[in-house]
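Before any comments, here is the structure.
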Amino acid sequence: MITFVGAGPGAEDLITVRGQDLLKEADIVVYAGSLVNPGLLSLCREDCEIYNSAKMTLEEVMDVMTVGERSGKKVVRLHTGDPCLYGAIREQMDELEKLDIPYEVCPGVSSFCGAAAALGAEYTLPGVSQSVVITRMAGRTPVPERESIRSFAAHQATMVIFLSTGMLKELSAELICGGYDPDTPAAIVYKATWPEEKVLRCTVKDLAETAAGEHVTKTALIVVGGILEGGYERSKLYDPSFTTEFREASVPSAKEEQKETAPGSESEKRDREER
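Here the UniProt record's numbering is used: position 130 in the sequence shown is 130, and no number is missing along the way.
Structure, rendered in structure tokens:
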């Protein structure tokens with residue numbers, strides 16, 4: 001069996017328990033050396049074969065994994081964060097399927113979750129944003145035109161932008177052209193959850209200047225949106241005036257109170273009769 005494992009956002013103790021166990025049992029580990037915390041490799045046995053995929057092609061990675069699996073060895077392909085985001089695992093899984101080699105995926109904590117924790121932020125705030133756009137700038141590798149930063153910015157939803165720290169001037173311009181006010185709050189989270197984590201708060205127009213001031217050039221996420229400000233509506237989930245599947249409303253809602261006190265309401269009629 002070949003297992004794709006999410007290493008988590010950076011901190012060694014943010015890999016899942018299942019992921020830890022798989023690393024401890026592995027005979028071969030192929031890890032994304034440019035992003036995965038190398039401290040996680042201390043979980044591996046001394047006789048485990050370890051390969052750094054940052055120096056390998058897809059073909060070389062596949063050779064290591066397939067030869068190992070056919071030799072009866074347990075193989076772990078260790079990706080940063082959760083492998084479903086910018087992990088390039090689909091092409092690996094397709095190759096394994098062609099070869100009739102079984103595989104499974106052990107999910108991990110994505111760095112966009114680590115960034116929210118570092119910011120003390122909730123990406124989905126009532127009355128502000130109920131959607132999160134996870135995307136990146138077009139660079140050496142393109143993105144579909146329909147998924148440009150500019151087109152997503154028009155929605156004014158929370159945006160979490162990967163792989164774009166080296167293009168912050170262009171990113172600011174695209175966000176503003178797409179509809180964000182230049183003073184929209186933004187944040188740069190460098191190496192979320194790592195010991196060297198940095199949280200830099202700024203505005204959309206100041207992204208490049210802020211990063212330059214702290215010498216941040218890579219390995220950072222950009223968060224943009226009103227959720228980084230203070231205002232939002234109270235959630236209905238725990239509102240005492242809101243009935244859910246598990247509890248009945250215990251107080252009248254604001255609309256019900258307005259109706260009760262509106263001119264000509266039953267309560268007003270009763271008051272007049274009593275007087």
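Every residue gets a Cβ at the ideal spot worked out from N, C-alpha and C, and that includes glycine.
- Return the chain-ordered ranges of every beta strand (DSSP E) run that is complete within the region 10 to 78 and spans a minimum of 3 residues. 28 to 31 and 49 to 52
- Assumed close pair P185, L125 - CB separation to whole angstroms, cut-off 8 Å: The Cβ separation is near 12 Å, so there is no contact.
- Query: In the structure shown, what three-state DSSP assignment does M93 receive?
  - Reply: helix
- Task: Verify the CB distance criterion: does L85 have a CB-CB separation below 7 Å to chain D?
- Result: The chain inventory of the structure shown lacks chain D, comprising one protein chain alone.
- Alpha-carbon spacing of T80 relative to A54, whole angstroms: 12 Å
- Look at the alpha carbon of A115 and the alpha carbon of T135, and state the distance between them as a whole number of angstroms. 15 Å
- Distance between K218 and T165 (C-alpha atoms, nearest Å): 5 Å
- Beta-carbon proximity list for I28, same chain, < 6 Å, skipping 5 on both sides: E49, G68, K73 and V75
- Query: Does DSSP put I101 in a helix, a strand or coil?
  - Reply: coil
- Message: Does T135 come out as helix, strand or coil in the three-state DSSP assignment?
- Response: strand
- Item | Through-space distance from L200 to G179, alpha-carbon basis | 23 Å
- Taking the Cβ atom as the reference point for each residue, do R150 and C177 lie within a distance shorter than 7 Å? yes
- Query: Could you give the residue range of the alpha helix (DSSP H) that holds K169?
  - Reply: L168 to G178
- Query: How big is the Cα-Cα spacing for W194 and L175?
  - Reply: 28 Å
- Item | Nearest to L41 (by Cα), restricted to the options M65, A7, S250 and A118 | A7
- Message: Among L58, Y86 and L207, whose alpha-carbon lies nearest the alpha-carbon of E95?
- Response: L58
- Exposed or buried, M1, counting other C-beta atoms within 10 Å across all chains shown (16 or more means buried)? exposed
- Query: Are the CB atoms of F4 and R77 nearer to each other than 7 Å?
  - Reply: yes
- Give a yes or no on whether the C-beta atoms belonging to E9 and A192 are separated by under 7 Å. Sequence check: residue 9 is Pro here, not Glu. Taking 7 Å as the Cβ cut-off, P9 and A192 qualify as a contacting pair.
- What residues are listed by DSSP as bridge partners for R201? A187
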